[in-house]
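This report concerns only the one structure given below.
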Amino acid sequence: MDFGLTLDQLRFGLISFLLIAASLCLRAYGQAWMANRLGDRTPVFAGRLTLNPLPHLDVLGTVILPLVCIFFIQPRMEYLNFFLGWAKPVPMNPGAFEQPRKHLLWCLLAQTAISLLIMLVAACVGGLASRLNPDLRFLAGSVILINACLVVLDLLPLPPLPGAYYLVHKGWMREETFVGLGRWGSLVLLVGFQLPPVQVAFFFLRAVIAAPFAVILHLLAG
Numbered sequence: 000m001d002f003g004l005t006l007d008q009l010r011f012g013l014i015s016f017l018l019i020a021a022s023l024c025l026r027a028y029g030q031a032w033m034a035n036r037l038g039d040r041t042p043v044f045a046g047r048l049t050l051n052p053l054p055h056l057d058v059l060g061t062v063i064l065p066l067v068c069i070f071f072i073q074p075r076m077e078y079l080n081f082f083l084g085w086a087k088p089v090p091m092n093p094g095a096f097e098q099p100r101k102h103l104l105w106c107l108l109a110q111t112a113i114s115l116l117i118m119l120v121a122a123c124v125g126g127l128a129s130r131l132n133p134d135l136r137f138l139a140g141s142v143i144l145i146n147a148c149l150v151v152l153d154l155l156p157l158p159p160l161p162g163a164y165y166l167v168h169k170g171w172m173r174e175e176t177f178v179g180l181g182r183w184g185s186l187v188l189l190v191g192f193q194l195p196p197v198q199v200a201f202f203f204l205r206a207v208i209a210a211p212f213a214v215i216l217h218l219l220a221g
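Laid out in structure tokens, this is it:
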């Protein structure tokens, strides 16, 4: 494996890392905000209802794993193909919700909503700003792709991802099974993504999710 990186590749990788970390922390804030709105004050007491990224950082999920994916797993450095990452889990007390299963699912899906909002803001602001600085169009496109990746991961029915908790919400999976399988979810994703059919499906879903925001970015950029 060639670990030699050009200055441009190093710069692209570090920018991608910062965008991933920022997106993950904003998603964690969104989950904490939703939990608080639904009656669970646990995230507030844990100091997680904040836009300060430090309380949301997870050394492995927010720092090490994204860096490994960016610099050592990507088949090319021209664009970000795939990554895994997560923020520090937001502590929640389902017993504080009026409808525990339903509201816990809402809290998990709040992360998806934040990613969609980030993509919309990036498309609108990046498109307009790129008229002054064309480089900002590439930056906005990177933000859109990163969060499209996160949305695809959210939809996968694999614990501990939100898509799998939908199965718990519907009664198709036991919570004990969700927790047990969740310990191996990241490993399964890393191994599974080496399979060409999985890569094709992932890139297709990412393209479908990113397309509307890419169109907005293109139209506003002129």
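If you read the sequence shown in numbering that gives the first Met the number 0, its first letter stands for residue 0, the second for the next number, and so on.
Note that the Cβ used here is the ideal one computed from N, Cα and C, for glycine as well.
Computed from a prediction, not measured in an experiment: that's the story for all the values here.
Apply the 10 Å Cβ neighbour rule to residue i and answer buried if 16 or more other Cβ atoms are within range, or exposed otherwise.
i	result
Val199	exposed
Glu77	For Glu77, the predicted model reports a pLDDT of 47, less than 50, meaning its position is unreliable; a value from the coordinates is still stated below. Classification of Glu77: exposed, given that the 10 Å Cβ count is below 16.
Gly221	exposed
Pro156	exposed
Ile145	buried
Leu206	According to the sequence as given, residue 206 is Ala; it is not Leu. By the neighbour-count rule (16 or more Cβ atoms within 10 Å), Ala206 is not buried but exposed.
Between the beta-carbon of residue i and the beta-carbon of residue j, is there less than 8 Å?
i	j	result
Asp7	Phe96	no
Leu83	Leu194	no
Gly94	Ile215	no
Cys148	Gln30	no
Ala121	Ile143	yes
Phe23	Thr61	Inspection of the sequence shows that residue 23 is occupied by Leu rather than by Phe. Yes; because the gap between Cβ atoms is below 8 Å, this pair is in contact.
Thr41	Met91	yes
Starting from residue i, trace the alpha helix (DSSP H) in both directions and tell me its first and last residue.
i	result
Gln30	6 to 36
Arg173	No alpha helix (DSSP H) holds Arg173; DSSP gives it neither H nor E.
Leu186	184 to 191
Ala206	195 to 220
Pro42	41 to 44
Comparing C-alpha positions only, which one of the options sits nearest to residue i?
i	options	result
Pro88	Ile14, Val58, Phe202, Ala147	Val58
Leu204	Gly12, Leu25, Asn51, Leu152	Leu152
Phe11	Val197, Cys123, Asn146, Leu66	Leu66
Ala213	Trp85, Leu104, Leu115	Leu115
Gly170	Val150, Arg130, Ala109, Lys101	Lys101
(request) Please specify which runs of the alpha helix (DSSP H), each continuous and at least 4 residues long, are wholly inside the segment 51 to 136, giving them in chain order. (result) 64 to 67, 99 to 128
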